[in-house]
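Student: In my numbering, the protein residues as written are 15 to 189.
1) Is residue 74 buried or exposed, if buried means 16 or more other CB atoms sit within 10 Å of its CB?
2) In whole angstroms, give me the CA-to-CA distance for residue 155 and residue 120.
3) Could you give the C-beta distance for residue 79 and residue 85, rounded to a whole number, given that I count them as a contact under 8 Å?
4) With H, G and I counted as helix, E and B as strand and the rest as coil, what does DSSP make of residue 142?
5) Please report the straight-line C-alpha distance between residue 56 and residue 67, rounded to a whole angstrom.
6) For residue 134, name the three-state secondary structure that DSSP assigns.
7) Out of curiosity, what's the CA-to-CA distance linking residue 34 and residue 26?
8) Which residue or residues does DSSP assign as beta-bridge partners of residue 34?
9) CB-CB under 6 Å to residue 178, same chain, minus the five flanking residues each way: which ones, in chain order?
10) Could you give the distance in angstroms between the alpha-carbon of residue 45 and the alpha-carbon of residue 128?
11) Looking at residue 31: is its Cβ nearer than 8 Å to the Cβ of residue 125?
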C-alpha cells in the first residue's frame, strides 16, 4: 500500500493522515483480532468435531459474573432465544475487549519504537517520517506477528476451555 502512494504529496508519517503508521496499526489490530476470533471459532470447532483436538476440561469455571459472561457461561441456556444479530453483537463486544487489551500491550510500544526509527520533522513539523520501502512493511509484519502470538493461542484456548465446561455440565460436544 505505501509503495504505491505519492510520497511527495502524502509522505508516510507516524501520526498525520493520510499515510499514518499509528492509525494503520490500529486498523490492522482491529481487523486481525476480529478475523482471528472467528477463524479460531471455526477451526477449534472443526478440530473438536473431527477428534483431532480435545476440549480442555480441567480448568474450573469462573465465578465472577463478568468472566461468566465473557466465557459465555450463562446459568440458563438462552442461546436459542437470542437472535443471530444479538449473538454476533456479543461476539463483537468480546472481540472489542480483546482488542483493547492487545492495543494497550502493543500499540504504545510500537509507536515508541517507530519514533526511534523514523526521522523527526524540523521546525513546526512535529511528526516522524518514514521511507516508502521496508519500514511500513516491516512494521506491519512485526506488529501482526506479535499480535498473532498474543491472541491466537488465547482465542484457541478460549474455545477449547468453553467446550470443556459445556461437556462437564452434561452438554454435548459443540453445543
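For glycine and all other residues, C-beta sits at the position ideal for the given N, C-alpha and C.
Tutor: Let me spell this out:
1) It counts as exposed.
2) In this structure, the alpha-carbon of residue 155 lies about 13 Å from that of residue 120.
3) So it is not a contact: roughly 11 Å between Cβ atoms.
4) Note: residue 142 maps to strand in three-state DSSP.
5) Each residue's alpha carbon lies about 13 Å from the other.
6) Strand at residue 134.
7) Rounded to the nearest whole angstrom, the CA to CA distance from residue 34 to residue 26 is 6 Å.
8) Answer is 27, bridged to residue 34.
9) Cβ contact annotation for residue 178 (same chain, cutoff 6 Å, sequence separation greater than five): 69, 70 and 71, in chain order.
10) In this structure, the straight-line span from the alpha carbon of residue 45 to that of residue 128 is close to 21 Å.
11) Result no, Cβ atoms of residue 31 and residue 125 do not sit closer than 8 Å.
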